[in-house]
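Colleague:
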Amino acid sequence: MSYKDKIDISNLPRHIAVIMDGNGRWAKKQGKLRLFGHESGVRSVREITETAAELGIEYLTLYAFSTENWKRPRMEVEALMTLLLKTINIETKTLNDNNIRLQAIGDLNSLNKSIRNRLQKTIDETSNNNKMTLILALSYSSHFEIVQAIRQIAEKHKNNEITLDDINKDLVSNHLFTKNFPDPELLIRTSGEFRISNFLLWQLAYSEIYITQKLWPDFRKEDLYEAIVNFQCRERRFGRTSEQILNQEKVKK
Ligand code: IPE
Ligand code: IPE
Ligand code: MG
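28 is the number of the first residue of the sequence shown in this note's numbering; add one for each residue after it.
Following this line, the structure appears as structure tokens:
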């Protein structure tokens, strides 16, 4: 039996975020270069994106490259950028075929011009698609995102556009790159690492975290279904007690 049959379609997370980790180790295990792992990871990206859209997930955010990843050997960074460009080129058609809209978050100005242009072209070409929004986190760092939000807010305060009393949770959220998306209910990280690695620190405040030992190139459809089933078994209390949650559910029924 597939985990798919166990999914409660009426209770899907609206937004799933994924830290796609383990490409390098996957390649190394086979005596191959790290780049082979990154290339193989593209298949998982395609399959997970199509599967999420097919299920009815509204937003899927994939952490593809962090600000810290610029510190990797130059050869690996260049290979990753070339792969990114090639993948966006090829997969624009897949996105349109699946009615998926592309968006990007991160310090996009740090990407080279050919990638920025290609990315913008695909964002424009898919902007009317409405089955799912795929958000690529590129040259992304939560610290960078929060600092730029604070700067914008400070600037508005200086210009008397807002008062101190206007600064609240919603105002902060509205200055993040993710302002147009709901916060993820589920965060998946592959490769067994128990850390967030500077990803969506604000937005993950109440997300359920699912960590699997599977390395990203091995993470497929069935693994996504399993993660969603696991998510649906969690009790999300948001600070309340278990009894309160159960009573709330009784009232709803
Ligand atoms: C994730 O795989 C891809 C990126 C960070 C770009 P890694 O390249 O981090 O693979 P490991 O963690 O070294 O195995
Ligand atoms: C996190 O993976 C970033 C991406 C998946 C793009 P890393 O492999 O860079 O994370 P750390 O450095 O091990 O925390
Ligand atoms: Mg890694």
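Using N, Cα and C, we set each Cβ at its ideal position, and we do this for glycine too.
Every value quoted in this text rests on a predicted model; they were computed, and no experiment measured them.
Does the distance between the C-beta of G49 and the nearest non-hydrogen atom of ligand 3 fall short of 7 Å?
Modeller: Taking the first residue of the sequence shown as 1, we reach residue 49 at position 22. Result yes, Cβ under 7 Å from ligand 3.
Colleague: Which class does R216 belong to by DSSP, given the choice of helix, strand or coil?
Modeller: Residue numbering aside, residue 216 sits at position 189 when the sequence shown is read from its first letter. Three-state result, R216: strand.
Colleague: So who's on the other strand from R128, going by DSSP bridges?
Modeller: Counted from its first residue, the sequence shown places residue 128 at position 101. T160, per the DSSP bridge assignment.
Colleague: Can you list, in chain order, the residues of its chain whose CB lies under 7 Å from that of I238, leaving out five sequence neighbours each side?
Modeller: Mapped onto the sequence shown, residue 238 falls at position 211. Excluding residues within five positions, the ones whose Cβ falls inside 7 Å are R216, G219 and F221.
Colleague: I need the straight-line Cα distance from I43 to P100, nearest angstrom please.
Modeller: As a position in the sequence shown, residue 43 is number 16, starting the count at 1. As a position in the sequence shown, residue 100 is number 73, starting the count at 1. Taking the straight line joining both Cα atoms gives about 30 Å.
Colleague: What number of angstroms, rounded off, separates the C-alpha of T205 from the C-alpha of K248?
Modeller: In the sequence shown, counting from the first residue as 1, residue 205 sits at position 178. In the sequence shown, counting from the first residue as 1, residue 248 sits at position 221. Straight-line Cα distance between these residues: approximately 26 Å.
Colleague: Suppose contacts are defined by Cβ-Cβ distances below 8 Å. Is S166 in contact with F226 by that definition?
Modeller: In the sequence shown, the residue the question calls residue 166 occupies position 139. In the sequence shown, the residue the question calls residue 226 occupies position 199. Contact flag unset, no.
Colleague: L87 and M28 - do their beta-carbons sit closer together than 8 Å?
Modeller: For the purposes of this step, residue 28 is taken as the residue at position 1 of the sequence shown. For the purposes of this step, residue 87 is taken as the residue at position 60 of the sequence shown. Contact: no.
Colleague: Start and end of the alpha helix (DSSP H) containing F92?
Modeller: In the sequence shown, counting from the first residue as 1, residue 92 sits at position 65. Unbroken run through F92 is the beta strand (DSSP E), Y86 to S93; no alpha helix (DSSP H).
Colleague: Please state whether DSSP places E103 in a helix, a strand or coil.
Modeller: Walking along the sequence shown from the start, residue 103 turns up at place 76. Reduced to three states, the DSSP call for E103 is helix.
Colleague: Using a threshold of 7 Å, is the CB atom of N96 nearer than that to any non-hydrogen atom of ligand 1?
Modeller: Start at 1 with the first residue of the sequence shown, and residue 96 comes out as number 69. Checking the Cβ of N96 against ligand 1 gives yes.
Colleague: Tell me, please, which residues DSSP counts as bridged to V45.
Modeller: The count along the sequence shown starts at 1 and reaches residue 45 at position 18. L89 and I215.
Colleague: Report the CB separation of L129 from T153 in whole angstroms; it is logged as a contact under 8 Å.
Modeller: Here residue 129 refers to the residue found at position 102 of the sequence shown. Here residue 153 refers to the residue found at position 126 of the sequence shown. Their Cβ separation, rounded to whole angstroms, is 5 Å, which keeps L129 and T153 in contact under 8 Å.
Colleague: In this structure, how does DSSP classify Y252 when only helix, strand and coil are distinguished?
Modeller: Taking the first residue of the sequence shown as position 1, residue 252 is located at position 225. It is helical.
Colleague: From the DSSP output, which residues share a beta bridge with L62?
Modeller: In the sequence shown, residue 62 corresponds to position 35, counting from 1. L62 is not bridged to any residue.
Colleague: Give the single residue among S141, I75, N186 and L122 whose Cα lies nearest to the Cα of L111.
Modeller: Here residue 111 is taken as the residue at index 84 of the sequence shown, counted from 1. Among S141, I75, N186 and L122, the Cα nearest to that of L111 is on S141.
Colleague: Are three or more beta carbon pairs between the region 62-76 and the region 244-262 nearer than 8 Å?
Modeller: The answer is yes - the region 244-262 touches the region 62-76, with three or more Cβ pairs under 8 Å.
Colleague: Once the 5 residues before and after R261 are set aside, which same chain residues still bring their CB inside 8 Å of it?
Modeller: The count along the sequence shown starts at 1 and reaches residue 261 at position 234. Excluding positions up to five away in sequence, the list reads E235.
Colleague: Could you name the residues of the same chain whose beta carbon sits closer than 7 Å to that of K31, not counting the 5 residues immediately before and after it, in chain order?
Modeller: Along the sequence shown, read from residue 1 onward, the residue named residue 31 stands at position 4. Taken in chain order, the residues that qualify are Y252.
Colleague: Quick test of your reading: I34 and I194, contact by CB under 8 Å. State the CB separation rounded to the nearest angstrom.
Modeller: The count along the sequence shown starts at 1 and reaches residue 34 at position 7. The count along the sequence shown starts at 1 and reaches residue 194 at position 167. With 8 Å as the limit, I34 and I194 do not qualify as a contact, their Cβ atoms being about 40 Å apart.
Colleague: Specify, as a first and last residue, the run of the alpha helix (DSSP H) that E270 falls within.
Modeller: The residue labelled residue 270 in the question sits at position 243 within the sequence shown. It spans S269 to K279 - the alpha helix (DSSP H) in which E270 sits, taken as one unbroken run.
Colleague: Does the distance from the CB of L228 to the CB of P211 come in under 8 Å?
Modeller: As a first step, residue 228 must be located in the sequence shown, where it is residue number 201. As a first step, residue 211 must be located in the sequence shown, where it is residue number 184. For L228 and P211, no; Cβs fall outside 8 Å.
Colleague: Note down the Cα distance separating I46 from A91, rounded to an integer number of angstroms.
Modeller: Here the question's residue 46 lines up with position 19 in the sequence shown. Here the question's residue 91 lines up with position 64 in the sequence shown. Cα to Cα, I46 sits roughly 8 Å from A91.
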